[in-house]
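Q:
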Amino acid sequence: RNVQIKATGGVDTYLKAPAKGGYGDGLMLVFKIDRENGKYKVVYNGDIKRVWRALKHKKLDKSGAKMISIKRLLELQKQVSPKYIIPEVG
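Just remember that this note's numbering sits 1 ahead of the position in the sequence shown, which is counted from 1.
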């Protein structure tokens, strides 16, 4: 499956539009990195379609991306089925 991985030190992040064929059953991992100490937190680990459905009301910007807040990703994470979560290793 396709996996899109994003990391941000801010309060939001940009997501690139899906390829022509879409993401299908793709997954997404989004990390929030603390700029002071470099520690990270996973804010979204799940199906990418859920995120894009949440952004359907927003238009793509000139670069073909949409912005989503970390707060919104944390809300979406609560709805993710365990079958879409990428397990941690180690």
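No residue lacks a Cβ here, since even glycine has one placed at the ideal position from N, Cα and C.
For K40, count neighbouring C-beta atoms within 10 Å of its own C-beta (all shown protein chains included) and say buried if the count is 16 or more, exposed if not.
A: Classification for K40: exposed.
Q: May I ask you to list the residues that DSSP assigns as paired with A66?
A: A66 pairs with K17.
Q: Would you call D1 buried or exposed, if buried means 16 or more other Cβ atoms sit within 10 Å of its Cβ?
A: Residue 1 lies beyond the stretch modelled for the chain, which goes from 2 to 91, so this question has no answer here.
Q: G47 bridges to which residues according to DSSP?
A: The partner list for G47 (beta bridge, DSSP) reads M29.
Q: Three or more C-beta pairs closer than 8 Å, one from the region 50 to 59 and one from the region 75 to 84: is that the case here?
A: With the cut-off at 8 Å, the region 50 to 59 and the region 75 to 84 touch.
Q: Is there contact here, the region 63 to 70 with the region 9 to 17, by at least three beta-carbon pairs under 8 Å?
A: The region 63 to 70 vs the region 9 to 17: in contact.
Q: If S70 and V12 are in contact, beta carbons under 8 Å, what's the gap, nearest whole angstrom?
A: Right, the Cβ-Cβ distance comes to about 6 Å (below 8 Å), so this counts as a contact.
Q: Does the separation of the CB atoms of A55 and L75 fall below 8 Å?
A: In this structure, L75 does not lie closer than 8 Å to A55 by Cβ.
Q: Use the C-beta contact count for V44: other C-beta atoms within 10 angstroms, 16 or more gives buried, fewer gives exposed.
A: It is buried - the Cβ of V44 has at least 16 other Cβ atoms within 10 Å.
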